[in-house]
Structures are given as C-alpha cells and as structure tokens.
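The numbering used here puts the first residue of the sequence shown at 22, with every later residue one more than the last. Where a beta carbon is used, it is the ideal one built from N, C-alpha and C, also for glycine. Treat the numbers as computed from the prediction; the structure is a model and nothing was measured. Structure record follows, encoded as structure tokens.
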Amino acid sequence: MIFDEFHVLERNLHSDLALALCLDAQRGLREDLKLLVMSATLDGDRVAALLDAPVVRSEGRSYPIATHYLPCDPEGALEEVVASAVLRTLSETEGDLLVFLPGAAEIRRTEARLRQHGESPSFELCPLYGDLPFEQQQQAILPSRAGKRKVVLATPIAETSLTIEGITTVIDSGWQRVPRFDPRSGLTRLETVRVSRASAEQSAGRAGRLGPGVCYRLWGEGTQQGLVPYNVPEILEADLMPLALELANWGVSDATTLTWLDPPPASAQAQARDLLQQLQALDESGRITPLGQEMAALPLHPRLAHMLVQASVRGSAALACDVAALLSERDPLRQLEGERRCDFGLRLEALHAHRREGNRGARAYGADPAACAAAERASRQWRHLLKVQADDTAIDEQEVGLLLALAYPDRVAQRRKAGEGRYRLSNGRGARLLTECASAPEHLVAASLDGRGEESRIFLATPMAVELLEQAMPERITWQEVVGWDRASGTVVAREERRLGSLVLAQRALSQADPQRIVEGMLDGIREMGLESLPWSEEARQLQARLLALRQWLPKESWPDCTDEALLVGLEGWLSPYLNGMSRREHLAKLNLAEILRNSLDWDKLQRLEQAAPTHLQVPSGSRKKLTYSNDGAPPVLAVKLQELFGLAETPAVADGKVAVMLHLLSPGQRPIQVTRDLNSFWNNTYAEVKNQ
Numbered sequence: 022m023i024f025d026e027f028h029v030l031e032r033n034l035h036s037d038l039a040l041a042l043c044l045d046a047q048r049g050l051r052e053d054l055k056l057l058v059m060s061a062t063l064d065g066d067r068v069a070a071l072l073d074a075p076v077v078r079s080e081g082r083s084y085p086i087a088t089h090y091l092p093c094d095p096e097g098a099l100e101e102v103v104a105s106a107v108l109r110t111l112s113e114t115e116g117d118l119l120v121f122l123p124g125a126a127e128i129r130r131t132e133a134r135l136r137q138h139g140e141s142p143s144f145e146l147c148p149l150y151g152d153l154p155f156e157q158q159q160q161a162i163l164p165s166r167a168g169k170r171k172v173v174l175a176t177p178i179a180e181t182s183l184t185i186e187g188i189t190t191v192i193d194s195g196w197q198r199v200p201r202f203d204p205r206s207g208l209t210r211l212e213t214v215r216v217s218r219a220s221a222e223q224s225a226g227r228a229g230r231l232g233p234g235v236c237y238r239l240w241g242e243g244t245q246q247g248l249v250p251y252n253v254p255e256i257l258e259a260d261l262m263p264l265a266l267e268l269a270n271w272g273v274s275d276a277t278t279l280t281w282l283d284p285p286p287a288s289a290q291a292q293a294r295d296l297l298q299q300l301q302a303l304d305e306s307g308r309i310t311p312l313g314q315e316m317a318a319l320p321l322h323p324r325l326a327h328m329l330v331q332a333s334v335r336g337s338a339a340l341a342c343d344v345a346a347l348l349s350e351r352d353p354l355r356q357l358e359g360e361r362r363c364d365f366g367l368r369l370e371a372l373h374a375h376r377r378e379g380n381r382g383a384r385a386y387g388a389d390p391a392a393c394a395a396a397e398r399a400s401r402q403w404r405h406l407l408k409v410q411a412d413d414t415a416i417d418e419q420e421v422g423l424l425l426a427l428a429y430p431d432r433v434a435q436r437r438k439a440g441e442g443r444y445r446l447s448n449g450r451g452a453r454l455l456t457e458c459a460s461a462p463e464h465l466v467a468a469s470l471d472g473r474g475e476e477s478r479i480f481l482a483t484p485m486a487v488e489l490l491e492q493a494m495p496e497r498i499t500w501q502e503v504v505g506w507d508r509a510s511g512t513v514v515a516r517e518e519r520r521l522g523s524l525v526l527a528q529r530a531l532s533q534a535d536p537q538r539i540v541e542g543m544l545d546g547i548r549e550m551g552l553e554s555l556p557w558s559e560e561a562r563q564l565q566a567r568l569l570a571l572r573q574w575l576p577k578e579s580w581p582d583c584t585d586e587a588l589l590v591g592l593e594g595w596l597s598p599y600l601n602g603m604s605r606r607e608h609l610a611k612l613n614l615a616e617i618l619r620n621s622l623d624w625d626k627l628q629r630l631e632q633a634a635p636t637h638l639q640v641p642s643g644s645r646k647k648l649t650y651s652n653d654g655a656p657p658v659l660a661v662k663l664q665e666l667f668g669l670a671e672t673p674a675v676a677d678g679k680v681a682v683m684l685h686l687l688s689p690g691q692r693p694i695q696v697t698r699d700l701n702s703f704w705n706n707t708y709a710e711v712k713n714q
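Right under this line is the structure:
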C-alpha cells in the first residue's frame, strides 16, 4: 500500500485514518502488508518511527528562488496591499504570476481592485478557487495566450495540488483560511490565520518549477521568524463524525486502540459519538447499527447520509438529494460579499427554477447560475445512488424542515419570545437570525450558523413543524419530570415537560412529586439565594462564631468548618433533614438554625463547646454575663459594670485558659470606662484615676 503526496501541509483526516486502518490490518490481519509513505514535504522522522521503517531520501532537481520581504508588515486592507504588489511586480519581472490569498472573498476583492486600474493588454487576471466552474479553473491552469502574461489569484489549493504552466513569480499574502471545529458547539468555523513556515516554503517553491524564480512575501522578516513551523493536522481540529462512523464500521469503538501519527482529541471524539448515537448510527456501546451501516455506505457527511437514508423511507429522497446538494455546494444566493438571505426554501426554489429554465430561471431568483449548476450535479449524483428521479413538484416547506431536522436534530430551534429572532437550540446554545431575515417562526432548523460567542448567528434556516419530527423521530421527544427551584416565584415547581433536548415544547403540572427531589429543589434555591436567605437568629450566629473561634484556638480538636461558604457547600449534610414538607422561600422561616447547628454536633462536642467557649461567665457580683464572640477568632467580649468585678484580680479566660476575655468595663450608668485584657494591671495602674473621675 503506497501513500503518495503525504505532505506535512496536507495531512487530512482521510489520509490519517487510512494509515491508521492499514497499520491495524497489518498488525491483526495481514502481516505481509507492506506500507510505503512518500512526499516531498514528509515529516520523515515521525512517520518512520510510526511505521518502524527506514527513511529513503532522493533529492530532486530544483531551481534557485530569490525571496524578498517587505520592510515591515503592511497596514490597510489586504486587497489593497496585494493589488499594489501585483502591479509593482509586473513592472519588475517577466513571466506569469501566482498570487496566494486566503479565500475566494479576498480573490474577488483583489480582482475588482486590479480591474479598477483598467484592462491591461499585457496581462489577464485568472481567479482560481474550488467553487469556480471547471472552464475557469482550466483557464488559470493552462498556458497563457501568446503575448499575454497571466496573473493567477489563487487560494492554497494551488500550493501543492496543481501544476500551473508558466509561473515564474509568486506573491504570498501570508494568510490562509483554516477550518476550526468547536466540540462545545458542534460547529466548524473558518478562521483566517498566518501561514506556517512550511506553507510559505511550499508556496515559494511554485516559482522554481521550470527555472529560477522570485517570491515576494508580503510581510516583514521579523514576522517570518515568528511563524509556526507547520500547519496543524486536520485530525486535531476537524469534525470527527465521519471518522467516528468509519471507525465503527471498521469495528473499532475506541480510537485509542489504533496507532496514529496524531491521535484524534478525546473531546471531539466524544462529541462525535454522542451525535452519531442521536442519529441512531451507533448503539449505546458505540457499535455501528444497521442504519449506521447504510449511512457509511454513502459518500456524504453522516448528518446528510442520515437524512438521505431516512428520506428514502419517507418517500422524499429526491427532495433530500436537493437539500444535501445545496448544503454541500456554494450558496447560490450569496453573490455579493456579506449579502445573506436566511430562508433555505429560496435556495430550493432557485435550484428547481434552474433545473426547469436554466440560467434564466436561476437569475429570476437572484441566484448564481454556476452555483445552481454545481448543486444540480451533486443532486444528480446522489439521486443516481438512491435510484430516484428528480421531483419538480411544489416544494413542501414542512417536509424540508423535517429533512433538515433529520440531519441536524441538535439545531432544531425554539423562539424565545414572540416577535424576536432569538432562539434556543435543542443542544442548549443560543442563536439569532440575521437582521435580513424578515420573519421569526416559532420553531425552525438552523442549517448553517457560526459558533462564535454565546449566541450563534443563523445564516440558513427553514421553519419546522415539531409534529412531523415527533412522527419521524419519536425517540427524540419525550415527557420528563422536572422538579426544581423557580427563581421568579421563589418556590420549588414540579411539572412534566415535553422536551426535545433543551427545548420545552409543552408542560403540565405534576400531581405528585418525589419528596426527596423537592428537598433537592429547596437546596438549589438556597444555593442560588445565598445563606443569608435562612432565618439567622442572634443565637445561631453566636453559635457559629463560637465554633469558628474554637477551630482557631484549639486546632487539634477538629472543630467543624462552619463558615458561610462551608455551610453552603455542605447544605445536604446539615440542613436537608429539616426541609421535608417545605417548598417555598417563606417556609424557611420555620427553621431554628441554632438548634440545627447544635444537632450537627455529637454529645461530647456539645459538652466541650460549653466548657471551652461558654455563652456566659459568672462575675463576683453573682450575675451571669453574656460573652460575645466574633467569626474572626478575636477574643470574646464581656461587657460588665466595673463594680460587679470587685474581688476579681485576674482577667477571665476561655479555651482552657488560652484566650483572655476582652473586658468592656462600664460605669453604673452603662457608659464605657475602659477596654482591657489585663484586669490586674487595670486595678494597679488605672483604677485610681477612674475612681477619682
């Protein structure tokens, strides 16, 4: 088995998976299988270690390339910087130019900027990106016409995959667009990032295929030193649903049992398996189901494969092929940069119009005929696989919504509030329609959205009839008991909810709820409101302070931590037995916290508490005076009239005599005279002065 073009720049999910499966087959099925991995940019040492194989190197013919940098990183719009560099380079060099830009949008803007300088008789502009019609791509690849220089504006598709005739000069913008998958949202988004050093070298090499060449890098040499060495392999940042389905079809439920150059991330694997189980492609053990095997047989993402398989059962396979094609190809209604119309149904109408009337039909909907033609080719391919004919009857909007829900059950959305375009998705995330979308139905399916922030932007959607989804996927919608704290009413509510994931479709009161769950709801409410929501008496707070004081004064005696924070964390242990029969905030007033805290101590601890941190002290007058404790471990305060201490020579103490009491000495009229912890010194030094006042 030969793996050719195993570039460090192009290590995609499929090549990594294929190599892992070949190694698995070699180890368990075919010991005679020989593996050969080849590339001009191979990460040779790592691959050799993986295969336990030698490295064979062959130096090919190469031509020198003169590389030029800008004095510093440029400022301003990228299309302005690139257009200026193209015009300057045309005047300084000969031959055709290959210009690398991150994506089609930048190519179109750069092309428009260059055309503003007027059509030049000496060169022609040739854009090159994946969504272009085949004829235009061929125009960029084939030799330029006699007497004309060619300027190819390309995405990184031309970095390694294509040979373009006549290129002697490369202009590299230094930016690329890469997909980044977010397991938290289950969405893949495109990010524009700096190229890697390896990518920059590969791009420059395009100028030296036929002879000596020139590469202009539109960044400074300081930035060059800071570039990452290699692109991140796709397997580390991709949606792993296709990989997880392939592995299950191979008989592997745990990817860690295979040998990988870079193992797929555990979080992305878990998210992929969870979604495949939602689609019933995997069972609870992670083994592939018969439905999953049907999905794996189709050359589509598992979401779309699930939609096609289920649509075949429903008799709407032809419509599903159109839906899958529009989701897989370029959006036919996004002709102008930044212009979006959310309604997915408009795309279907444009596709059907193009099928009936050709380019004129597509243009009647403001659609791009080339994009419609690409979608039609894809739909035709899948109709051929499913052995169905095109269906040009009126589009059933509700059926479209169901088909999209079969592909994206986690993106069924429920409107938060009438008249607003803000939604909650069944996966729990928030989302909102773009302002260009005129209406906001109660339920919809988001076919395309981003994963930025807490509230995603919905780019494509269609209304959804929940009743149809319940018929097609009854296991997705269930009645669930919900017992929990309701902040608005300050009560524990008990109800049954008809739920689709995080969406509540209907609800009804629960006549009888588990008492323990009501207690748990009250505990949740106390956590939310804070410990101050409990009826703290002076006695309870003083008991808390005494326990905290002994925890500091007598650390070897293991006094419990009863700070507010600790009590809140341990609510179940000390408070839950007293919440039976309570379901409202007002019911908490019945609690006797002092008694509850005392009951959390055993008999020995209670006796020790009274001995080491008593509530009162008896003074020489015979009175029992209250001690006041504080939570910070400071000495307790004893406020007492001076005359009541006559005959007491030394300061009273607590905690087995370790902590002297803070005496607040009062006059007969209860006015403060002196604060002291040294009563003996007071009698000897200060009392005479106080006596004479």
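Limits of the beta strand (DSSP E) - the one that residue i falls within
i    : result
K646 : R645 to T649
R443 : R443 to L446
S349 : Element bounds for S349: not the beta strand (DSSP E) but the alpha helix (DSSP H), A338 to S349.
T131 : It is not in any beta strand (DSSP E) - T131 instead sits in the alpha helix (DSSP H) that spans A125 to R136.
I162 : Careful: I162 lies outside any beta strand (DSSP E), inside the alpha helix (DSSP H) at F155 to I162.
H685 : M683 to L687
A530 : L524 to A530
P693 : P693 to T697
Which residues DSSP lists as bridging residue i, in chain order
i    : result
T209 : F202
G505 : V514
C715 : The chain is shown only over 22 to 714; residue 715 falls outside these bounds and no answer can be derived.
R478 : R453
Q197 : V214
S274 : According to DSSP, S274 bridges with nothing at all.
G168 : DSSP lists no partner for G168.
T114 : T114 is not bridged to any residue.
Q639 : R645
V191 : L119 and C236
F24  : V58
Residue i, buried or exposed, once every other Cβ within 10 Å from all chains shown has been counted against 16
i    : result
V235 : buried
K712 : exposed
K171 : buried
L329 : buried
E360 : Any reading at E360 must be qualified, since the residue scores a pLDDT of 49, below 50, and its modelled position is unreliable; no value is offered.
Y150 : buried
G678 : exposed
M22  : exposed
Y237 : buried
K55  : exposed
H35  : exposed
L423 : buried
R82  : exposed
V696 : exposed
E358 : With a pLDDT of 43 at E358, under the threshold of 50, the modelled position of that residue is not reliable, and the figure given next carries that caveat. Under this definition E358 is an exposed residue.
L686 : buried
Bounding residues of the alpha helix (DSSP H) (the contiguous stretch that carries residue i)
i    : result
R218 : R218 to G226
W240 : Element bounds for W240: n/a, residue is neither H nor E.
M316 : P311 to A317
V658 : Not the alpha helix (DSSP H): V658 falls in the beta strand (DSSP E), residues V658 to K662.
F667 : First-last for F667: undefined, no H or E at that position.
L589 : D585 to V590
Y708 : Y708 to N713
I17  : Because the chain is modelled from 22 through 714, residue 17 falls outside the range shown and cannot be assessed.
V330 : P323 to R335
Which listed residue (the options) has its alpha carbon closest to that of residue i
i    : options                   : result
A411 : Y429, E418 and R376       : R376
V249 : S220, E267, E502 and G229 : S220
L264 : V253, Y251 and L279       : L279
D137 : P123, S105, P148 and L153 : The identity of residue 137 in the sequence shown is Gln, whereas the question assumes Asp. It is S105.
R109 : L91, E518, D699 and V466  : L91
R215 : E518, G247 and W281       : G247
R692 : P673, V661, G668 and P254 : V661
P254 : K577, H28, Q565 and L524  : H28
E430 : E420, D417, L446 and K438 : According to the sequence as given, residue 430 is Pro; it is not Glu. Of E420, D417, L446 and K438, the residue nearest in Cα terms is L446.
Closer than 8 Å: residue i CB and nearest the ligand FMN heavy atom
i    : result
G272 : With respect to the ligand FMN, the structure offers nothing, as it holds no ligand at all.
Across the stretch 497 to 515 and the stretch 555 to 564, are there enough close Cβ pairs to call them in contact, namely three or more that are closer than 8 Å?
no
For the pair the stretch 580 to 597 and the stretch 534 to 548, tell me if three or more CB-CB distances fall below 8 Å.
yes
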